[in-house]
Structures are given as structure tokens and as C-alpha cells.
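Residue numbers (the UniProt record's numbering): 1 to 669. Even glycine gets a Cβ: it sits at the ideal position worked out from N, Cα and C. Predicted model only: the values in this text are computed from it and were never measured. Notes to accompany the following structure.
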């Protein structure tokens, strides 16, 4: 026994038991109490025999061999537990949940429990004060009995039923009758039988509804006007159902229709600002291939008119390839006077609408002139109407786009650096926090000055910069280091003209930089790799398309970040060998190895804290090395996306002891 252990075991327990009891009684988290029990045998015995009314929280997010024992002990010794987060604990079962049924819980999260098919008795104390319940991705069916059981909690406000299968067509009706005060309902990825209608009308206080990725082949009746946020992305919802929502939910402020391919634009045409007593401040229209620019332009104008005094307006148009510059003109043009409600006019005063997020990824039809027009917009003089009282009307209507805080124009081939320079000169980037200009086309004349103007305008407010495959030079990198001291994420993979000297000069000035992505066939790493060791506080590192990068060149960078690095991605680095896996920091939690042909996985078992391992395209990874890593890292989730590793290979990986069946569920889930 070491001297430190003797001190811990002999001196610390000499404190009187009543003093220790008072100290332990102040603890409220189960983890703190368990840590104290590890100090010595005397402390462990005192804790094991006591009753701890101060403990109100218990957390067990991942698999541990003693999770069931710990829950049983907590149920007997901690009678004041009000919050139990047991999500993803695949080793726990119905008997463990039943042991907590006598506790008056306010929050219970048992998501991803595949072994549980029903909740404890509705007469148990668990449902007396329950406010939050998450049973997503369990084996519990959406049935009348579940609705009745949940309904015994009159205080329930947040309910998550994601990924569950409905076996009773009347479930939603019964749930609304028994839980009319629900504020948040999550039905994402749920599966519903064919029925004439799915009605949310009984939920009078529902604020947030999510049916994202849900399998719905039926009509919908929406909640009352209390609904604030609707997440409908990737669902089978159509224009008629969205029109019905606009007519019913007048308080709607957030709407996501991303990936709803049945939407063709009629719903957006029907949006009427006179029927909206509130405003849409967050709109996601990404990945809608059928909507046209005319429809989106009209819709965005209506949104701006409906919210002329909103503090922010977030719009996402990414991956909608039919859009052109007219969509941006809707945001660039000054607001025209529009009829306002008296309650709206009372608050308009001097507050202007602010676009904080603008994403145009893959919208290749957008013209550069539309961005230029943003910088030329000027307020229009107000024209008095009879709808708004004269004393509440401002002298001029505010511009729609005073500041941009997030801009993504990746893969928009018709937008060049000249447009960015125009917006920077107009002062649109004074609060820019995130900029994604991957594959940006440089202007023919003065290709670098525009990016320098953007960096100068954004200054220390810029936090995230992605400019993969752009043309840069040493002057641009110097300007970035001089102006953007607050930058913490930088991606320069495949940048033409980037030198190792210019890149390694940044750490001296960008002291908050923790996330770096670098690589590309044109980037010369350096003979010994010592220059890259200037980056010494990275938490995330991505190296891509460096076919000539050797283990010896990469080791100095890994050693410099041995205390901070938690995530690493090595993609298309075909010269790296298993020696680099042995050089990875032991504290790393996430490893992605993509298309690294010479890696066999030897050395992965040393990373005992690893939680996520992704191996897309690594065909040389062996079953023996991968299984050794899984045995050591009991919380490891493995993702294999290679054609050579079929499902039979994956099951063989976990078939033999000592790896248990839960690993298969974790892998395939």
C-alpha cells in the first residue's frame, strides 16, 4: 500500500461519523456520493448504511457493470431522488425501473432501453409529480394503456416518444384527453398505422411539436394557436397540411420543412401575414427541390413584413437548387409599409429586423449581383395607412438585412469573393460569427483583397471559418491572424497557395483556436513535421488527403496536443501505419479513420477512453484488432461503413465472450 493510500485510508476516516454524515448530506448528485465511497473502507461502510435525503439526481448514461446494483442501492438509500437519467443503459431492465417506482420523480429518461416493453403501474408514486418522460426507442408500443398510464401524471409537460410504433389508432386522441397540458411532444421517427386522421387538437397548451422523419400517410389536425415551433423535416407532409397549420397555429415562430419533398410551394404562397398574430423568426426551407425562386421570394417578403421589429430572422435555403438571386433580393430590398396589428405597432419603435443565419449551400443558381444589392439597400420613407395609429408608426421602415452573423455559400459556383467584399464594405459583416466559403471562386481582379476585407470587418467576432479548396496566400493568412483573435474553428483543407509557414504563424495570434482541419494534395507538411507542433491546444484535429504524410511527420503534432486532443480524423492518408495509432493520446474519445489503406487497427486497444470509432473504407482493419479494442473499451460504439464488412462480419465480432450482447445493440442502433 502506498503512502498516499495509507493517508487516505487511515487519517481521513478518523473524522467523527456525525461530521461525515453532515458533509455527505449536503451532496445532491449520486456521482458525488459514489466518489466519496471510494476513499476508504470506513467511508464506504458509512455511506452504505446511511440514508441520504439530499441526493436528488442519478445519472447513468452508458453501460457499466454495476449500474443495476447502484440503482437498487439508490432506490433504498436515497428517498428524495427527483431526476433519473438512465438513457442508453442497455444492461438495465424492467426490474431496475420498477425499483424506482416508489420515488416521486420529476424527470425520468430511459431512452434506448430495448428490453423494456411497459412502464410500471400507473398507481406508483413515479407518476405523481412527473414533469419529463423520455421513453424514445424502447419496445413500448403507443397504445391506449400507455396513454392512460401516462395520464395519471397531471403535471407532465414534456414527453418524448421518438422511434415508437403505434398499435392503436386512437392513441393520440386518448393521450390528448389524459395529458391536455403537454407543452412539448416529440414523435420523431415514430411509425403510425393508416387511419383517416391524426389529431393534435386536444393539446391546448402544446408549444413544441416534432414529427421529423415520422412515417405518416394520413391527414393531420393541428394543435391550437398555442403552437410555437413545428419540426416537420423529412416527413411525408404535403402543402395542404401546411396550409391547414398556417390557418390554425397563429403563434408559430419556428418552422422546419427541410427535406419534405411533397412540398411544391402552394403552402408558402398561402402564408398570410394578416392571419399571423406572431411572426416566423426561424424558417428552414432546405432541400426542397420543387419550390421555385418566385415562391420563396414572396414568402420571405411576407416573413419580413410580419416581423419588422423581430430581433432576429434565421433563414436556411441550403441544397434547394432551383433558387436564384431573387431569393436574396427579398432580403436585400427595404421593407414596404404593410398593414400591422395594433399590438405589433405598439412595439415597433426603433428595433430592426436582423438576419442572423443565411445558408445558401448548393443553391448554384444564385447570382453575385444579388449579394451586391444587399449593400446598396436604403430605408424607405413611411407611407401612412389607416391600419396603424399615427403615434406608433416610425419615420422609416428598417432594412431587412442590417447584419449577417452566419453566412454559408459553400458550393455556390456563381458567387465569388467580389460579392463578399461588397458586403464587407457595406458593413454587413460587423457581427459575423460563422463563415463557410468552401470552394469559393476568386474574383478575376484582386482575388485576395475581398477575403481580407471580410476578416477586417468581422474582427474578433468571427468564431468559425471554413474555406476548403479556396485560393489563399501568406497575406490572407496574416490578415486572418491579425484581425480574428476570437477564431476557434478553422478548416483549410485543399487550399491552393497555403504554405506551412503561413499556417504555423497563426497559433501565436489565434490563442483560442481549438479545432483545425488541414490537408490536401498541394499542402506540404514539412520534412520533420516540427513546424506543425506550433498548434498545442487543439481538441479536434482533421487531416485529409495527405497521401505522403508519414508517421514521423505527424507524431510531433500529436505529442504537442497530448493533453487536449479528444477528437481526431485521418482521411485518405495512405502512408500512415499502425505506429500512428500507438502515438495517439490516451485520453482521446473519438477516432475516425477513413480510407487509410495501411491501418490494421493494431494499437486501438490502448485507447481505453475511446467512445466512438468510425472506420469507413479501412479495408485492412482486422477482426482480431477490432475485437481487442471493443473488449477494452466497454463503452465503445463502432461504425463500419465498408462493403467488405457485412452484417455477418459485425455479429462475429461480438459473438464470443467476454463481449456481451449489448455491444451488438449499441453498434447496430
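Taking the alpha carbon of residue 88 as the reference point, which residue from 75, 114, 94 and 80 has its own alpha carbon closest? For this step, residue 88 is matched to residue 88 along the chain shown. For the residues 75, 114, 94 and 80, the minimum Cα distance to residue 88 belongs to 114.
Outcome for residue 418 when other beta-carbon atoms lying within 10 angstroms are tallied against a minimum of 16: To locate residue 418, count along the chain shown from 1; it is residue 418. It counts as buried.
Under three-state DSSP, which class holds residue 390? The residue labelled residue 390 in the question sits at position 390 within the chain shown. Annotation note: pLDDT 39 at residue 390 (below 50); position unreliable, coordinate value reported separately. In the structure shown, residue 390 sits in a helix (DSSP, three-state: H, G or I).
Start and end residues, beta strand (DSSP E) containing residue 600: By one-based count along the chain shown, residue 600 stands at place 600. That residue, residue 600, is in no beta strand (DSSP E); it is neither H nor E in DSSP.
Which first and last residues belong to the alpha helix (DSSP H) in which residue 284 is found? Position 284 of the chain shown holds residue 284. No alpha helix (DSSP H) contains residue 284, which is instead part of the beta strand (DSSP E) from 282-284.
DSSP has residue 518 in a bridge; who is on the other side? Within the chain shown, numbered from 1, the residue matching residue 518 stands at position 518. DSSP output for residue 518 lists 492 and 543 as bridge partner(s).
Check whether the Cβ atoms of residue 54 and residue 20 lie closer than 8 Å to each other. Taking the first residue of the chain shown as position 1, residue 54 is located at position 54. Taking the first residue of the chain shown as position 1, residue 20 is located at position 20. No. Outside cutoff.
Tell me which residue opens and which closes the beta strand (DSSP E) that residue 102 is part of. One-based indexing of the chain shown puts residue 102 at position 102. No beta strand (DSSP E) contains residue 102, which DSSP labels as neither H nor E.
In DSSP terms, what residue 591 is bridged to: In the chain shown, the residue the question calls residue 591 occupies position 591. The partner list for residue 591 (beta bridge, DSSP) reads 568 and 613.
Backbone secondary structure at residue 269 - three-state DSSP: As a working mapping, residue 269 is identified with position 269 in the chain shown. Reduced to three states, the DSSP call for residue 269 is helix.
Return yes when the Cβ of residue 440 is within less than 8 Å of the Cβ of residue 470, no when it is not. Taking the first residue of the chain shown as position 1, residue 470 is located at position 470. Taking the first residue of the chain shown as position 1, residue 440 is located at position 440. Result yes, Cβ atoms of residue 470 and residue 440 sit closer than 8 Å.
With 16 as the cutoff for other CB atoms within 10 Å, does residue 189 come out buried or exposed? The residue given as residue 189 occupies position 189 in the chain shown. Buried.
Cutting at 6 Å between CB atoms, please list the residues of its own chain near residue 93, excluding the five before and the five after it. For the purposes of this step, residue 93 is identified with residue 93 of the chain shown, where counting begins at 1. Once the five neighbours on either side are set aside, the close Cβ partners of residue 93 are 115.
With DSSP as the reference, label residue 157 as helix, strand or coil. Counting from 1 along the chain shown, the entry for residue 157 is found at position 157. Note: residue 157 maps to coil in three-state DSSP.
Can the beta-carbon of residue 260 be found less than 8 Å from the beta-carbon of residue 293? Along the chain shown, one-based indexing puts residue 260 at 260. Along the chain shown, one-based indexing puts residue 293 at 293. Not in contact: residue 260 and residue 293 (Cβ atoms no closer than 8 Å).
Where residue 524 falls, given that 16 or more other Cβ within 10 Å makes a residue buried: Taking the first residue of the chain shown as position 1, residue 524 is located at position 524. Exposed, since its Cβ has fewer than 16 Cβ neighbours within 10 Å.
Kindly confirm or deny that the region 550-564 and the region 596-603 touch, where touching means at least three C-beta pairs closer than 8 Å. no
Which runs of the alpha helix (DSSP H) at least 4 residues long sit entirely within the region 237-268? Give them in chain order. 239-248
Tell me residue 40's beta-bridge partners as DSSP assigns them. Within the chain shown, the letter at position 40 stands for residue 40. The partner list for residue 40 (beta bridge, DSSP) is empty, contrary to what the question assumes.
Element boundaries [alpha helix (DSSP H), containing residue 582]: Translated into positions along the chain shown, residue 582 becomes position 582. 579-582 is the extent of the alpha helix (DSSP H) around residue 582.
With a cut-off of 8 Å, does the C-beta of residue 47 fall near any C-beta of chain D? The chain inventory of the structure shown lacks chain D, comprising one protein chain alone.
Excluding sequence positions up to five away, which residues of its chain have a Cβ less than 6 Å from the Cβ of residue 428? As a first step, residue 428 must be located in the chain shown, where it is residue number 428. 404.
Please return the same chain residues whose Cβ sits closer than 6 Å to the Cβ of residue 181, not counting the five positions on each side in sequence. The residue you call residue 181 lines up with position 181 of the chain shown. The residues are 205.
Can you name, in chain order, every residue of its own chain whose Cβ lies under 8 Å from the Cβ of residue 216, other than the five neighbours on each side? For this step, residue 216 is matched to residue 216 along the chain shown. Around residue 216: 192, 198, 235, 236 and 237.
Out of 511, 465, 502 and 496, point me to the one whose CA is closest to residue 485's CA. As a position in the chain shown, residue 485 is number 485, starting the count at 1. Of the listed residues, the one whose Cα sits closest to residue 485 is 511.
Neighbourhood of residue 130 by C-beta distance below 8 Å, restricted to the same chain and skipping five residues each side: The residue given as residue 130 occupies position 130 in the chain shown. The residues are 105, 106, 107, 108, 153, 155 and 156.
By the 10 Å Cβ neighbour count, where 16 or more other Cβ atoms means buried, how is residue 223 classified, buried or exposed? Walking along the chain shown from the start, residue 223 turns up at place 223. Buried: at least 16 other Cβ atoms inside 10 Å.
Output the distance between the C-alpha atoms of residue 317 and residue 70, rounded to the nearest integer angstrom. For the purposes of this step, residue 317 is taken as residue 317 along the chain shown, with counting starting at 1. For the purposes of this step, residue 70 is taken as residue 70 along the chain shown, with counting starting at 1. If you take the alpha carbons of residue 317 and residue 70, they lie about 48 Å apart.
Residue 553 - partner residues in DSSP beta bridges: Counting from 1 along the chain shown, the entry for residue 553 is found at position 553. DSSP lists no partner for residue 553.
Pairwise C-alpha distance: residue 285 and residue 252: Residue mapping note: residue 252 aligns to position 252 of the chain shown, counting from 1. Residue mapping note: residue 285 aligns to position 285 of the chain shown, counting from 1. Looking at the two C-alpha atoms, the distance is approximately 15 Å.
Just how far apart, CA to CA, sit residue 185 and residue 72? Here residue 185 refers to the residue found at position 185 when the chain shown is read from its first residue. Here residue 72 refers to the residue found at position 72 when the chain shown is read from its first residue. Near 30 Å, if we compare the C-alpha coordinates of residue 72 and residue 185.
Cβ pair residue 581, residue 565 closer than 8 Å: Locating residue 581 in the chain shown gives position 581, where the first residue counts as 1. Locating residue 565 in the chain shown gives position 565, where the first residue counts as 1. No; because the gap between Cβ atoms is not below 8 Å, this pair is not in contact.
Tell me the rounded alpha-carbon separation between residue 290 and residue 265. Taking the chain shown and counting its residues from 1, the one referred to as residue 290 is at position 290. Taking the chain shown and counting its residues from 1, the one referred to as residue 265 is at position 265. Their Cα atoms are separated by approximately 7 Å.
Could you work out which residue in 572, 434 and 473 is closest to residue 457 when comparing CA atoms only? Taking the chain shown and counting its residues from 1, the one referred to as residue 457 is at position 457. Closest by alpha carbon: 434.
I need the boundaries of the alpha helix (DSSP H) containing residue 69, first residue and last residue. In the chain shown, counting from the first residue as 1, residue 69 sits at position 69. It spans 67-77 - the alpha helix (DSSP H) in which residue 69 sits, taken as one unbroken run.
I'd like the list of long-range same chain contacts for residue 303, defined as Cβ closer than 6 Å, with 5 residues on each side in sequence excluded. Here residue 303 refers to the residue found at position 303 of the chain shown. Hits under 6 Å: 280.
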